[in-house]
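Trainee: Mind looking over this structure? Questions follow.
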Amino acid sequence: MLPPITGLHHVTAMCGDPQRNIDFYAGVLGLRLVKRTVNFDDPSTYHLYYGDALGSPGTLLTFFAWPGARRGRRGTGQVAVTALRIPASSVSFWLDHLHTNQVVGVDVGKRDGATVISLADPDGMRLELVAIREPDDAKREEAVWQNSSVASEHAIFALHGVTAELAATPRTAALLTEVMGLQPVEPEAGRRQRFQTVDSGSSAPSQYIELTAAPDDRPGQVSVGFVHHIAWRAQDAATQAAWREKLLSLGHTVSPVIDRTYFHAIYFREPGGVLFEIATDPPGFTADGESLEALGSHLQLPPQYEGQRAALEAGLPPIHLPSGQASPVTLPTE
Ligand code: ZN
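Residue numbers for the sequence shown follow the numbering used here, so the first one is 74 and each next one is one higher.
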C-alpha cells in the first residue's frame with residue numbers, strides 16, 4: 074500500500090524576460106533564487122528556481138524563461154492561480170509592499186477563513202498570498218532566507234496550493250482522492266472543490282489543490298504567464314517507482330524516471346489536462362556541488378552540458394540578483 078502524497082514539491086511556470094522574473098520573485102516577493110540553471114530540454118534558455126533558504130520541497134516555484142515568446146491564454150486544462158503562504162499577521166505589510174513596488178492586479182478578500190491577497194506577476198501570471206497561521210517557529214527560523222528583501226517576520230514561507238480550471242472535474246477529483254490520497258475539504262461557497270494533502274506534521278503541513286469547473290470555457294494555452302506543470306512529493310526513489318507502477322497499472326501514460334540533478338521526476342497528464350509530476354525530495358539543491366551559502370549565485374549546468382559552458386553562457390542573456398528597488402511592472406493584456 075502506497076503512502077498518500079504529502080504535498081506539493083514545486084510549481085513550474087513559463088516567464089518572458091528572466092531578469093524581470095528575478096527582479097519580481099527575488100526582489101519584490103523576497104524569495105531566494107536557489108538555482109540558476111538551464112532548461113535541461115533546451116539549454117539555450119534559463120530554468121530559475123526560487124524557494125526558502127534551503128530550497129525545501131514544498132517551497133519551490135520555478136520558471137522556464139522564454140524571452141519574446143507569446144503569452145499563454147487562460148482557459149481550461151491548466152492551473153489558473155498559484156498560491157503562496159504568508160504569516161497571518163503580515164497582510165498590511167504585504168499590501169503596502171506590493172503597492173510600493175507598483176505590483177498590478179492587487180486585491181484582497183477572504184476565502185475559507187483566510188485573508189487572500191491576489192496579484193499578478195510581470196508576465197500576468199496570477200498569484201495569491203494566503204495569510205495563515207504560522208507553522209513551527211523553530212523550523213521557520215532555519216528556513217527563512219535572511220538576505221531577503223523582505224523582513225523575515227513577513228517572509229513567504231511555502232507554496233499554499235494551486236487552483237486548476239477544468240472542463241470537467243470528476244475524473245481529476247477521483248484521481249486526487251482515490252489514487253493520490255488527498256482529502257476533500259468542504260469549501261465555504263461556490264463551484265470550487267478543494268482537496269488537501271495529508272498533514273504529516275509541521276515539516277509538511279497540508280497543501281491544497283482546488284478544482285473549478287468551467288465547461289463553457291475554451292481550452293487554455295500554456296505559455297508565458299502560465300503554469301507549465303505542478304509536481305507532487307515522493308520521499309525517495311523507491312516511493313516514486315511505486316507511484317509509477319501504480320499509475321501505469323491504472324492506465325495512465327507515465328514518463329520514464331528523468332534525472333533533474335536536484336530531484337528525479339516522472340510526468341503524467343491528469344484527466345483534466347494539467348501536467349502532473351512526481352518528484353523525489355532528495356538529493357536537493359546542493360547535489361551539483363554548489364554550497365548552501367552560494368545557492369543561486371552562479372550558472373549551474375548538468376554534466377551533459379558542462380562541455381558547452383562557454384557557448385551556452387555566451388548565448389544566454391546576462392542576469393543578476395536585484396539590488397534595491399525592483400523595476401515597475403505592468404500587466405500585459407490577456
Ligand atoms: Zn517539475
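Ideal placement from N, C-alpha and C gives every residue a C-beta, glycine not left out.
For THR245, which option in PHE349, THR79, MET74 has the closest C-alpha, if you only look at C-alpha atoms?
Mentor: PHE349
Trainee: Is ASP309 buried or exposed, if buried means 16 or more other CB atoms sit within 10 Å of its CB?
Mentor: exposed
Trainee: For the region 198–272, which segments carrying the beta strand (DSSP E) assignment without a break, of at least 3 residues, lie completely within its bounds, in sequence order?
Mentor: 199–205, 231–239, 256–258, 265–269
Trainee: Are three or more beta carbon pairs between the region 160–178 and the region 361–368 nearer than 8 Å?
Mentor: no
Trainee: Would ARG317 be called buried (16 or more neighbouring beta carbons within 10 Å of its own) or exposed?
Mentor: buried
Trainee: With a cut-off of 8 Å, does the C-beta of PRO278 fall near any C-beta of chain D?
Mentor: Judged by its chain identifiers, the structure shown contains no chain D, having just a single protein chain.
Trainee: In terms of alpha-carbon separation, which member of VAL330, ILE282, GLY357, PHE336 lies closest to VAL347?
Mentor: ILE282
Trainee: Assuming GLU238 contacts ALA153 under a Cβ cut-off of 8 Å, what Cβ separation, rounded to an integer in Å, is found between them?
Mentor: 4 Å
Trainee: Could you name the residues of the same chain whose beta carbon sits closer than 6 Å to that of SER225, not counting the 5 residues immediately before and after it, in chain order?
Mentor: For SER225, where only same-chain residues beyond five positions count, the Cβ hits under 6 Å are VAL217.
Trainee: Any contact of the region 81–91 with the region 296–308, i.e. 3+ C-beta pairs under 8 Å?
Mentor: yes
Trainee: May I ask you to report which of helix, strand or coil DSSP gives GLY182?
Mentor: strand
Trainee: Using 8 Å for Cβ pairs, my map puts SER163 next to ALA204. What's the rounded Cβ distance?
Mentor: 6 Å
Trainee: Should ALA352 be counted as a contact of ligand 1 given a C-beta to heavy atom distance under 7 Å?
Mentor: yes
Trainee: Where does the unbroken alpha helix (DSSP H) through GLU350 begin, and where does it stop?
Mentor: Note, GLU350: premise wrong, no alpha helix (DSSP H); beta strand (DSSP E) at 348–353.
Trainee: Just tell me which of LEU134, PRO376, VAL177 has its CA closest to the CA of ARG158.
Mentor: LEU134
Trainee: Just list the residues that DSSP pairs SER191 with in beta bridges.
Mentor: ASP180, GLU201
Trainee: Can you tell me where the beta strand (DSSP E) with PRO116 in it begins and where it stops?
Mentor: 115–124
Trainee: Starting from PRO87, follow its DSSP beta bridges and name the residues at the other end.
Mentor: The identity of residue 87 in the sequence shown is Met, whereas the question assumes Pro. DSSP, once it has assigned bridges, lists PHE137 as partnering MET87.
Trainee: On a CA-only basis, which of SER296, GLN373, SER328 is nearest THR334? Give me that one, please.
Mentor: GLN373
Trainee: Is any heavy atom of ligand 1 found at a distance shorter than 7 Å from the C-beta of HIS120?
Mentor: Because no heavy atom of ligand 1 lies under 7 Å away, the Cβ of HIS120 does not count as near it: no.
Trainee: Closest to ALA99 by C-alpha separation, out of TYR123, SER328, PRO355, TYR378, would be which residue?
Mentor: TYR123
Trainee: For LYS108, is the classification buried or exposed, using 16 other Cβ atoms within 10 angstroms of its Cβ as the cut-off for buried?
Mentor: By the C-beta density criterion, LYS108 is buried, having at least 16 other C-beta atoms within 10 angstroms.
Trainee: Going straight from the alpha carbon of GLY388 to that of SER117, what length do you get?
Mentor: 7 Å
Trainee: Would you please state the rounded distance, in angstroms, between the beta carbons of PRO288 and ALA247? I believe it to be under 8 Å.
Mentor: The Cβ separation is near 17 Å, so there is no contact.
Trainee: Near ALA142, what residues of its chain come up, given a Cβ to Cβ distance below 8 Å and the 5 sequence neighbours on each side ignored?
Mentor: Contacts found: MET87, GLY89, SER296, VAL297.
Trainee: Verify the contact flag: HIS337, CB atom, against every heavy atom of ligand 1, threshold strictly below 7 Å.
Mentor: no
Trainee: Short of 8 Å in beta carbon distance, which residues of its chain neighbour ILE95, apart from the five on each side in sequence? Order them along the chain.
Mentor: LEU106, LEU121, ILE392, HIS393, LEU394, PRO395
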